[in-house]
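Below is one structure, written out as C-alpha cells; the observations come after it.
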Amino acid sequence: MEIYRKSNQKYTMVSDVFIEEYMAEANGEFVKVYLLLLKGLSNEENITVSDLADCLQCTDKDIVRALNFWHDKGVLQLEWMGDELKGVMVLDLESVKKPQQVPSQVLESQPEKLSQIVMPEEKPVSKKRKQSFEDPEFAQLMYILQQYLGKPISPTEYQAFIHLYEDLEISIDILEVVIENSIKNNHKNIRYMESVAIDWHKNKVVTVEQAKERAVYMRKDVRAVMKAFGIFGRMLTDTEIAFVDKWYKELKIPQELIVEACKRTLVHTKNASFEYANRILMSWDNDNVKDLVGVKRSDEVFEEKKKKQEAKKVPTNFKTRFHNFEERDNDYDALVEEFNGYL
Numbered sequence: 248m249e250i251y252r253k254s255n256q257k258y259t260m261v262s263d264v265f266i267e268e269y270m271a272e273a274n275g276e277f278v279k280v281y282l283l284l285l286k287g288l289s290n291e292e293n294i295t296v297s298d299l300a301d302c303l304q305c306t307d308k309d310i311v312r313a314l315n316f317w318h319d320k321g322v323l324q325l326e327w328m329g330d331e332l333k334g335v336m337v338l339d340l341e342s343v344k345k346p347q348q349v350p351s352q353v354l355e356s357q358p359e360k361l362s363q364i365v366m367p368e369e370k371p372v373s374k375k376r377k378q379s380f381e382d383p384e385f386a387q388l389m390y391i392l393q394q395y396l397g398k399p400i401s402p403t404e405y406q407a408f409i410h411l412y413e414d415l416e417i418s419i420d421i422l423e424v425v426i427e428n429s430i431k432n433n434h435k436n437i438r439y440m441e442s443v444a445i446d447w448h449k450n451k452v453v454t455v456e457q458a459k460e461r462a463v464y465m466r467k468d469v470r471a472v473m474k475a476f477g478i479f480g481r482m483l484t485d486t487e488i489a490f491v492d493k494w495y496k497e498l499k500i501p502q503e504l505i506v507e508a509c510k511r512t513l514v515h516t517k518n519a520s521f522e523y524a525n526r527i528l529m530s531w532d533n534d535n536v537k538d539l540v541g542v543k544r545s546d547e548v549f550e551e552k553k554k555k556q557e558a559k560k561v562p563t564n565f566k567t568r569f570h571n572f573e574e575r576d577n578d579y580d581a582l583v584e585e586f587n588g589y590l
C-alpha cells in the first residue's frame, strides 16, 4: 500500500522508536496526550494542562496521569517547583533506553520546555501503582463495564476507574460488585458508580460479602422499608429481601403503600413482621388499591362490613317474666318539664 502526502500542510514528527517500542503498551488516551505535546513542540506553543484537557475532553487530573505515565517510561521529563508542574521536556528517544534524571541546568536551557503548566490538586503517585493499563484483570473489568453500558467508555470514565483501582487500591472484585449493583438498579452513570465505590472505601468494605451487604443497604426500596419498620443496626435477611423484591419488582406496588403497610404492621404486631405486612399488601392488591386514597376507601368499606357483622351478632329479644309486663310508653323528659312547670 502506497502512502503519500497530498498537500504541504503542517505536520508533527513522531519518532519511530516511540511507535515501535512505546505506543503499543500505552493506553490510547496517553498516546493522544503525547502527540499533542509533540504538536505543541513543533509549533512552539505554550501549552497548559487545561489546554490539553479541553482538547481531549477530559479532566486536568487525567492529563497529569498521562504525563506521569510517560515520565515513568522515560519518554518525558517533568520539571517541578514544589507541588506545581512548571515544565515538560520531550526526550530524545533514540538515546533513551530507560528513565533517567536530567540535570536542572539542562532543563533551563531546553526549548522543549512547555511553560505555564499548572498542576491541579493531585496526590503524589503511589509507589504501588498497579499500571492498570497493563493489567489484564482491569482490562476485562473495563470490557464488562462497556458491555453493560452498551457504548464505548470515554477517557474520563476510564480514568475514574483507574483512580479507584490505582489510587484508592479498591480490588477488582469489589469494583465488579459496584458495577453489577449499579446496573441492576438502573444507575448507568459512572459518577454514581464512583461515589458508591468511594463510600465503600471510606466504610472499609474490603470483601465481596461486605460489598454485597452494603449494596443491599444502598437500595432505596430497602432503605424505605427498613425506615418504616424502624430496623437499625442490622441488615435484612434473605427472606426479608425476597419480600421487598416481591413488593417492588414483582407486584410493582407503590412505595407509599408499602410504607403504610409496614407502619400498620408495627401498630398491630409491635414488631417488624414482613409476613403480616405482606398479608396487608396482598389484601390491597386484591381490592385493586393503588394509592393512599384507595386505602382510605378500603378502610371505610371494612369498617362498614364490621359494623354489619357486629349488628348480626346482637341476640334477638325474647320474652321473660319481666318482659311480660306491659311497658309504659312515657316520655320522662317531658314529664320532668311538666313537673317543673308546676313549681
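Every position in the sequence shown, counted from 1, becomes a number in the working numbering once 247 is added.
Yeah, the Cβ is synthetic: ideal placement off N, Cα and C, and Gly gets one too.
query = Taking the beta strand (DSSP E) that Val443 falls in, what are its first and last residues?
reply = DSSP places Val443 in no beta strand (DSSP E) but in the uninterrupted alpha helix (DSSP H) bounded by Ile437 to Lys449.
message = Please state the DSSP three-state secondary structure of Val514.
response = Val514 falls in the helix class under three-state DSSP.
| request: Would you identify the three-state DSSP class for Gly541, choosing helix, strand or coil? | output: Residue state, collapsed to three classes: helix.
- Helix, strand or coil: how does DSSP classify Glu456 here? Helix, per DSSP.
- Using 10 angstroms around the beta-carbon of Phe476, count the other beta-carbons present and answer buried if the total reaches 16, otherwise exposed. The residue is buried, with at least 16 neighbouring Cβ atoms inside 10 Å.
Endpoints, alpha helix (DSSP H) assigned at Gly287:
Per DSSP, Gly287 belongs to the alpha helix (DSSP H) from Gly275 to Ser289.
### Task
Drop a sphere of 10 angstroms on the beta-carbon of Thr259, count the other beta-carbons inside from all chains shown, and report buried for 16 or more, exposed for fewer.
By the beta-carbon neighbour count (other beta carbons within 10 angstroms, threshold 16), Thr259 is exposed.
- request: Please go through the same chain and pick out, in chain order, the residues whose beta-carbon is closer than 8 Å to the beta-carbon of Lys510, but skip the five residues on each side of it.
  value: Result list for Lys510: Ala475, in chain order.
Original post:
Per DSSP, Trp494 is paired with what?
Top reply: Per the DSSP secondary-structure output, Trp494 pairs with nothing in a beta bridge.
At which residues does the beta strand (DSSP E) containing Met328 begin and terminate?
-> Its beta strand (DSSP E) spans residues Leu323 to Met328.
ask   = Mind checking whether Lys279 and Leu314 have CB atoms under 9 Å apart?
value = Contact flag unset, no.
Practice prompt. Compare the Cα-Cα distances from Tyr439 to each of Leu285, Tyr523, Asn450 and Leu422 and report the closest residue.
Written response: Here the closest residue by C-alpha is Leu422.
Contact between the region 450-462 and the region 491-507 (3+ Cβ pairs under 8 Å)
Short answer: they don't touch.
*In angstroms with no decimal places, state the Cα-to-Cα distance between Phe265 and Thr295.*
Phe265 and Thr295 have their C-alpha atoms spaced approximately 23 Å apart.
key: Residue-chain proximity (Gln457, chain C), Cβ-Cβ < 9 Å   = Although the question refers to chain C, the structure presented lacks it and comprises just one protein chain.
Quiz item: Using the beta-carbon count (16 or more within 10 Å), is Lys308 buried or exposed?
Solution: The residue in question, Lys308, is buried, as its Cβ has 16 or more Cβ neighbours within 10 Å.
Would you give the residue range spanned by the alpha helix (DSSP H) that Lys333 belongs to? It is not in any alpha helix (DSSP H) - Lys333 instead sits in the beta strand (DSSP E) that spans Glu331 to Val337.
Three-state secondary structure assigned by DSSP to Phe479: Here Phe479 sits in coil by DSSP.
- Item | Contact check, Leu323 vs Tyr281, beta carbons under 9 Å | Yes, the Cβ-Cβ distance between Leu323 and Tyr281 is below 9 Å.
- Task: Throw me the rounded Cβ distance for the Ile419 and Glu384 pair, which I believe falls under 8 Å.
- Result: Contact between Ile419 and Glu384 holds, since their C-beta atoms are separated by about 5 Å, short of 8 Å.
ask   = Helix, strand or coil: how does DSSP classify Asn315 here?
value = For Asn315, the three-state secondary structure derived from DSSP is helix.
| said: Measuring alpha carbon to alpha carbon, tell me which residue in Gly321, Trp327 and Asn533 is nearest Glu341. | reply: Among Gly321, Trp327 and Asn533, the Cα nearest to that of Glu341 belongs to Gly321.
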